[in-house]
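*Asks:*
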Amino acid sequence: MRNIFFNQKSGYTQLILINVIIFVAMGALMVFSKILDLGIVFTSVYEQFSIPPRLFDFIQKPWTLITFSFAHHFNYESGYADILHILFNMLVLYWFGRLFVEYLGGEKIIALYVLGGIASGLTYLLVFNTIPYFKEISNFSGMVGASGAVFAIMVAISTLLPDYTFYLIFLGPVKIKYIVGFYIVTSFLGSIGSNSGGNIAHLGGALMGYIYIKQLNIGVDWGRWITETIGAFKNMFRPRKNIKVTYRKTKPTPKKKNENEEISQIEIDNILDKISEGGYQSLTKEEKEKLFKVSKK
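Sequential numbering of the sequence shown, starting at 18, is according to the numbering used here.
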């Protein structure tokens, strides 16, 4: 389990796992709270994930700007767990996440997921506290869901690879720019419906995904602070290696490697792992040359 959480070669897998664990834990808490008539327990925990629409309420729970993107909808009164909500979000995250990681690496998808969640939450707060129409309908408890963060990833990869094709059941080959465009239009039209908060959050996440890729193209990584924070946190749990001091009488002359010498399978695997984690641009010049030589054979 520890290796799954700290190995960022497939960041979308980690994100899916976190969402599923929280959903199952919340569902179990709801069941036991119902049986034992302890509704206050479930409500208290659920509110720590739900971001409220009104600024005054949000100021008292600022952490919900992050936590709401890792939880999904429950209705304690009816005992309803919205399985379709998390199922759809995780399927889309899996499909688009695999493509994202293949080209940009696992670290960047985690960073963009967090950025997309923050952007969707801020957009939601801005709209419900500044536009009169939405201020009048802001008398609900709050919002949860990974959709805004997932939209950021969808739009990011469709901005990077607009003509990449997915093969859909009943429809056949469809370019991802059309798939993403359909969901953006649907969210815009639904912004005055029963799930107005969620649809507005989708649009905020989508905007972040577009900006993220455009900035990345000019060498600016908006998610670097997130990657560095995760890296520092990861190092806290990494065991320290004991340093051994050895003495040699003579320093052996390094053996010069023949350019025509076969590149080992281990070297190839390490290079491919590095591409999976950080993208092709993370390779050194020597590693790119090795990959090029292997590809010609």
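Virtual Cβ for every residue (Gly too), placed ideally from N, Cα, C.
Leaving out five residues before and five after residue 85 in sequence, what residues of the same chain have Cβ atoms less than 8 Å from its Cβ?
*Replies:* 66, 67, 68, 134, 138, 159, 160, 161, 162
*Asks:* Name, in chain order, the residues that DSSP records as bridge partners for residue 59.
*Replies:* Residue 59 is not bridged to any residue.
*Asks:* By alpha-carbon positions, which one of 57, 108, 54 ends up nearest to residue 171?
*Replies:* 108
*Asks:* Secondary structure at residue 88, three-state DSSP: helix, strand or coil?
*Replies:* coil
*Asks:* Are there 16 or more other CB atoms within 10 angstroms of the CB of residue 274, so buried, or fewer, so exposed?
*Replies:* The predicted position of residue 274 is uncertain, since its pLDDT is 47 and thus under 50; no value can be drawn from it.
*Asks:* If contact is defined by three or more beta carbon pairs under 8 Å, each pair taking one atom from either stretch, is the region 174-190 in contact with the region 108-118?
*Replies:* These segments touch.
*Asks:* How far does the beta strand (DSSP E) with residue 183 in it reach, from first residue to last?
*Replies:* Here the beta strand (DSSP E) through residue 183 covers 182-185.
*Asks:* How big is the Cα-Cα spacing for residue 349 and residue 156?
*Replies:* Any property of residue 349 remains undetermined from this structure, which presents the chain solely from 18 to 314.
*Asks:* From this set, 71, 77, 48, 211, which residue's C-alpha is nearest residue 148's C-alpha?
*Replies:* 71
*Asks:* Which residues bound the beta strand (DSSP E) around residue 191?
*Replies:* 189-192
*Asks:* Would you call the region 239-251 and the region 125-133 touching, i.e. three or more CB-CB distances under 8 Å?
*Replies:* With a cut-off of 8 Å, the region 125-133 and the region 239-251 count as touching, because enough Cβ pairs lie within range.
*Asks:* Tell me which same chain residues have a C-beta within less than 7 Å of the C-beta of residue 27, skipping the five on either side of it?
*Replies:* 118, 123
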